[in-house]
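Residue numbers (the working numbering), protein chains in the order written: chain F, 35 to 277; chain L, 1492 to 1725.
All C-beta atoms, glycine included, are put in the ideal place defined by N, C-alpha and C.
Quick caveat: nothing in here was measured; it's all calculated off a predicted structure.
Below is one structure, written out as structure tokens, with a few remarks after it.
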Amino acid sequence: MGDEQRSVNALEVRELTRAFGVRKALDAVSFDLPPRAFLSIFGPNGAGKTTLVKVLTTLLNPTSGSAKVLGLDVVSDAVEMRKRIGLISHNPLLYPDLTAEENLLFFSEMYGIEDPQGRVAELLEAVELDHRKLDLTRTFSRGMLQRLSIARALLHRPEVLFLDEPYSGLDPHAMDILDGLIAQIRDEHTFVMISHDLDKGLELCSHALILARGKIVMFEPREAIDEPVFRETYRSTVGMGVA
Amino acid sequence: MASSSMRQFRAMLRKDIVMELRTKEMLMSMGLYSLLTMVVYFVALSQAGAGFDPRDIAAGLLWLAFIFTSMLGLNRSLVHEKDQGCLEALLLSPVDRPVIFFAKAIGNLIFLLVVEALTIPVFAFLFLQGQSVDVSTVALIPLVLVAGSVGIAGVGTLLATMSVNTTGKDFVLAMLFIPLMYPLLLGAVTATAAAIIGGPEGMSLFWTGMAWVVGYDVIMLLASYGLYEFIVGA
């Protein structure tokens, strides 16, 4: 990896605004995130957290401003960028009428993965679902769906992983598997996680961001965070409502 | 189309067909609706007077049934993608948006053609039995069906993608789809009616109708292709 590549920020967000009609879900948001950082995003419902992740994952176009992920613009370099990012959402993002194996093989085709059978088998084993690979995912429990969703997101070995409330609705076993998978790849990847769980978010993060009404209230590296102040700031935003 | 796009296109189409063969949701609902519409038309027109010639309105009845039937399938095809956020997963992958559009549109076209193939014999039995028809021109009807269905599937896929995130998506799709189908309906009904009645004048009308339908297909498919990326990112 060259010096130039090393120095590229994982995220560069400049005056990013996304409006839905007259309402600004994101209002001139700017921040940088270094490579291999773990950013936890907190904020009340309707603060703009999911909109921010949707713009950063190319699912929504910004209204104004710009955002780069791994130096690639979310609008002009979208196709190239999608090869290098993954998303684990509270929604499983899986087809209920395909089997676990068919789902992963389908997304392998979408990403052009070499030896898809081998990669799918490896991931099914990692998320402990190899014994259910031939079952339709509509028969899976919430925890099993989320484990399969983790396998789907990791198929193409993304460099930046977006996690939108990934622990939501998980049983303790599934939480342990997710924790284990994150720990395994933590040092080589950049993570952006939306969470309502302050303890979990602060435990994992290298940077933390509080968003309210579409604006950044606080953005700090972990070592600079005064935890009582951070918690109080977060609590004060919870009553602020929708952007 | 680049080889990676072709591979992705085939995978998406195969996925839609496998899922439909497993659930039969679209084919069953569209097929039953189309057949029931034919029966309702037949019952409603059975009291018409002796001077009534069903050939005069048969083409219109057929295409109305296909337009309404297709709306049922178009909505369902996108609802499958919305279930559990699958459309997001698809949009997150490095696939050009037009590839997604064409794969969904071709899938919808295949299902619509299957339903049409099931409906046509029932239609012929109920409305054309014992009528004088020109067999040589009736054989051209599949041409109109394919050309008309291409327009329905193309425009319908675009509009279903637009409406799937709205509240009252069935209503929104109908409000957008039916007015946009008017030019297609005009050409397709003209060509189909001309094929049923036949004769030298009929042939001329048939090709005029076909030219109208093919022109509609080209313009609307290009517009849908151009708009799809904007619509999924809006």
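Checklist entry - Can you find a CB in chain L that lies within less than 8 Å of the CB of E143(F)? => result As a first step, residue 143(F) must be located in the first sequence, where it is residue number 109. Chain L, which has a Cβ nearer than 8 Å to the Cβ of E143(F), makes this yes.
Checklist entry - What are the boundary residues of the alpha helix (DSSP H) that R1546(L) is part of? => result Working through the second sequence from its first residue, we reach residue 1546(L) at position 55. Residues R1546 to K1573.
Checklist entry - For L195(F), which option in A62(F), R70(F), F65(F) and V42(F) has the closest C-alpha, if you only look at C-alpha atoms? => result The residue given as residue 195(F) occupies position 161 in the first sequence. Cα-wise, what sits closest to L195(F) is R70(F).
Checklist entry - Residues in its own chain within less than 7 Å of L232(F) by CB, not counting five upstream and five downstream? => result The count along the first sequence starts at 1 and reaches residue 232(F) at position 198. Apart from sequence neighbours up to five positions away, the residues of its chain that approach L232(F) with a beta-carbon distance below 7 Å are F76, R265 and Y268, ordered along the chain.
Checklist entry - Out of curiosity, what's the CA-to-CA distance linking A53(F) and A1638(L)? => result For the purposes of this step, residue 53(F) is identified with residue 19 of the first sequence, where counting begins at 1. For the purposes of this step, residue 1638(L) is identified with residue 147 of the second sequence, where counting begins at 1. One C-alpha to the other measures close to 40 Å.
Next on the checklist: For a contact defined as C-beta to C-beta under 8 Å, what are the partners of D1544(L) on chain F?
Outcome noted: Sequence index remark: in the second sequence, residue 1544(L) carries index 53 (1-based). Here the premise fails: no neighbours, minimum Cβ distance about 46 Å.
Checklist entry - What number of angstroms, rounded off, separates the C-alpha of S175(F) from the C-alpha of A1550(L)? => result The residue you call residue 175(F) lines up with position 141 of the first sequence. The residue you call residue 1550(L) lines up with position 59 of the second sequence. Here the C-alpha atom of S175(F) lies approximately 50 Å from the C-alpha atom of A1550(L).
Checklist entry - Thinking just about the alpha-carbon of each residue, which of A81(F), L236(F) and I250(F) is nearest to the one in P262(F)? => result As a working mapping, residue 262(F) is identified with position 228 in the first sequence. Per the Cα distances, L236(F).
Checklist entry - Rounded to a whole number of angstroms, what is the C-alpha to C-alpha distance between T1560(L) and E46(F)? => result By 1-based counting over the second sequence, the position of residue 1560(L) is 69. By 1-based counting over the first sequence, the position of residue 46(F) is 12. Using only the alpha carbons, I get a separation of about 48 Å.
Item to check | V1635(L) burial status per 10 Å Cβ neighbour count (16 or more: buried) | outcome: Stepping through the second sequence from its first residue, residue 1635(L) is reached at position 144. Result: buried.
Checklist entry - What in chain F is Cβ-close to T1652(L), meaning under 9 Å? => result In the second sequence, residue 1652(L) corresponds to position 161, counting from 1. The premise fails here: T1652(L) is roughly 14 Å from chain F at the closest Cβ pair, so nothing lies under 9 Å.
Next on the checklist: By the DSSP assignment, the alpha helix (DSSP H) with I1727(L) in it spans what residues?
Outcome noted: Only positions 1492 to 1725 of chain L appear in the structure, and residue 1727(L) is not among them; the question remains open.
Next on the checklist: What residue range does the alpha helix (DSSP H) around L104(F) cover?
Outcome noted: Walking along the first sequence from the start, residue 104(F) turns up at place 70. It is not in any alpha helix (DSSP H) - L104(F) carries neither H nor E in the DSSP assignment.
Checklist entry - Below 8 Å between beta carbons: does that hold for G146(F) and A187(F)? => result The count along the first sequence starts at 1 and reaches residue 146(F) at position 112. The count along the first sequence starts at 1 and reaches residue 187(F) at position 153. Not in contact: G146(F) and A187(F) (Cβ atoms no closer than 8 Å).
Item to check | is_contact[V161(F), chain L] using C-beta, thresh 8 Å | outcome: Translated into the one-based positions of the first sequence, residue 161(F) becomes position 127. With 8 Å as the cut-off, V161(F) does not count as an interface residue toward chain L.
Item to check | Neighbour list for D111(F) in chain L, Cβ cutoff strictly below 8 Å | outcome: Within the first sequence, residue 111(F) is the residue found at index 77, counting from 1. One finds nothing in chain L with a Cβ atom closer than 8 Å to the Cβ of D111(F); even the nearest lies about 11 Å away.
Checklist entry - Tell me, which residues are paired with T255(F) by DSSP? => result The residue given as residue 255(F) occupies position 221 in the first sequence. Before going further, note that residue 255(F) is Pro rather than Thr in the sequence given. As DSSP reads the structure, P255(F) sits in a beta bridge with H241(F).
Item to check | Supposed close pair L1569(L), V1663(L) - CB separation, criterion 8 Å | outcome: Here residue 1569(L) corresponds to residue number 78 of the second sequence, with the count starting at 1. Here residue 1663(L) corresponds to residue number 172 of the second sequence, with the count starting at 1. Between L1569(L) and V1663(L) a beta carbon distance of about 12 Å is seen, past the 8 Å cut, so the two are scored as non-contacting.
Next on the checklist: Can you list, in chain order, the residues of its chain with a C-beta nearer than 7 Å to that of D131(F)? Leave out the 5 residues immediately preceding and following it.
Outcome noted: Counted from its first residue, the first sequence places residue 131(F) at position 97. Correct list, in chain order: L170 and R172.
Next on the checklist: Using beta carbons (cut-off 8 Å, strictly below), is T1514(L) in contact with chain F?
Outcome noted: Indexing the second sequence from 1 puts residue 1514(L) at position 23. Answer yes: the Cβ-Cβ gap between T1514(L) and chain F drops below 8 Å somewhere.
Next on the checklist: Taking the alpha carbon of Q151(F) as the reference point, which residue from H165(F), E135(F) and A160(F) has its own alpha carbon closest?
Outcome noted: To locate residue 151(F), count along the first sequence from 1; it is residue 117. Restricting attention to H165(F), E135(F) and A160(F), the CA atom closest to the CA of Q151(F) is found in E135(F).
Checklist entry - Just the Cα atoms here: how many angstroms apart are F1668(L) and Y1719(L)? => result Working through the second sequence from its first residue, we reach residue 1668(L) at position 177. Working through the second sequence from its first residue, we reach residue 1719(L) at position 228. Rounded to the nearest angstrom, the two C-alpha atoms are 16 Å apart.
Checklist entry - Which residues in the same chain as M1510(L) place their Cβ atom closer than 7 Å to its Cβ, once the five residues preceding and following it in sequence are excluded? => result Translated into the one-based positions of the second sequence, residue 1510(L) becomes position 19. H1571.
Item to check | K117(F) at chain L interface by Cβ criterion, 8 Å | outcome: Within the first sequence, the letter at position 83 stands for residue 117(F). Flagged as an interface residue toward chain L: K117(F), by a C-beta distance shorter than 8 Å.
Checklist entry - Would you say M1694(L) reaches chain F, if we count a Cβ-Cβ gap shorter than 8 Å as a contact? => result Counting from 1 along the second sequence, the entry for residue 1694(L) is found at position 203. Taking 8 Å as the threshold, the shortest C-beta distance from M1694(L) to chain F does not fall below it.
Checklist entry - Mind checking whether N125(F) and L182(F) have CB atoms under 8 Å apart? => result By 1-based counting over the first sequence, the position of residue 125(F) is 91. By 1-based counting over the first sequence, the position of residue 182(F) is 148. It is not a contact, given that the beta carbons lie outside the stated cut-off.
Next on the checklist: Under 8 Å, Cβ to Cβ, is there at least one residue of chain L near P130(F)?
Outcome noted: What you label residue 130(F) is simply residue 96 of the first sequence in a count that begins at 1. Put simply, the CB of P130(F) is near chain L, with a gap under 8 Å to one of its CB atoms.
Item to check | Cross-chain neighbours of R186(F) in chain L, by beta carbon under 8 Å | outcome: Within the first sequence, the letter at position 152 stands for residue 186(F). Per Cβ cutoff of 8 Å: A1580.
Checklist entry - Count the other CB atoms within 10 Å of the CB of E143(F); is the residue buried (16 or more) or exposed (fewer)? => result The sequence position of residue 143(F) within the first sequence is 109, counting from 1. Label assigned to E143(F): buried.
Next on the checklist: Is there a Cβ of chain F sitting closer than 8 Å to that of L1609(L), yes or no?
Outcome noted: Position 118 of the second sequence, counted from the first residue, corresponds to residue 1609(L). Judged by the 8 Å Cβ criterion, L1609(L) is not in contact with chain F.
Checklist entry - Any beta-carbon of chain F closer than 8 Å to the one on K1506(L)? => result Along the second sequence, read from residue 1 onward, the residue named residue 1506(L) stands at position 15. Yes, because at least one Cβ of chain F sits closer than 8 Å to the Cβ of K1506(L).
Item to check | R52(F) - containing beta strand (DSSP E), residue span | outcome: As a working note, residue 52(F) is residue 18 in the first sequence. For R52(F), the enclosing beta strand (DSSP E) has its first and last residue at L45 to F54.
Item to check | Short Cβ contact (8 Å threshold) for K1689(L) with D1625(L) | outcome: Here residue 1689(L) is taken as the residue at index 198 of the second sequence, counted from 1. Here residue 1625(L) is taken as the residue at index 134 of the second sequence, counted from 1. A small fix is needed here, since residue 1689(L) is Gly in this sequence, not Lys. In contact: G1689(L) and D1625(L) (Cβ atoms closer than 8 Å).
Next on the checklist: Taking 8 Å as the limit between beta carbons, can you name the residues of its chain near V1704(L), skipping five residues before and five after?
Outcome noted: Locating residue 1704(L) in the second sequence gives position 213, counting from the first residue. Cβ neighbours of V1704(L) beyond the five flanking positions: V1635, A1638, G1639, G1642, L1675, G1678, A1679 and A1682.
Next on the checklist: I'd like to know if T91(F) contacts chain L, where contact means its C-beta is closer than 8 Å to some C-beta of that chain.
Outcome noted: By one-based count along the first sequence, residue 91(F) stands at place 57. With 8 Å as the cut-off, T91(F) counts as an interface residue toward chain L.
Item to check | Given F1760(L) as reference, the closest of A1594(L), Y1532(L) and A1644(L) once Cα atoms are compared | outcome: Residue 1760(L) is absent from the model: chain L starts at 1492 and stops at 1725.
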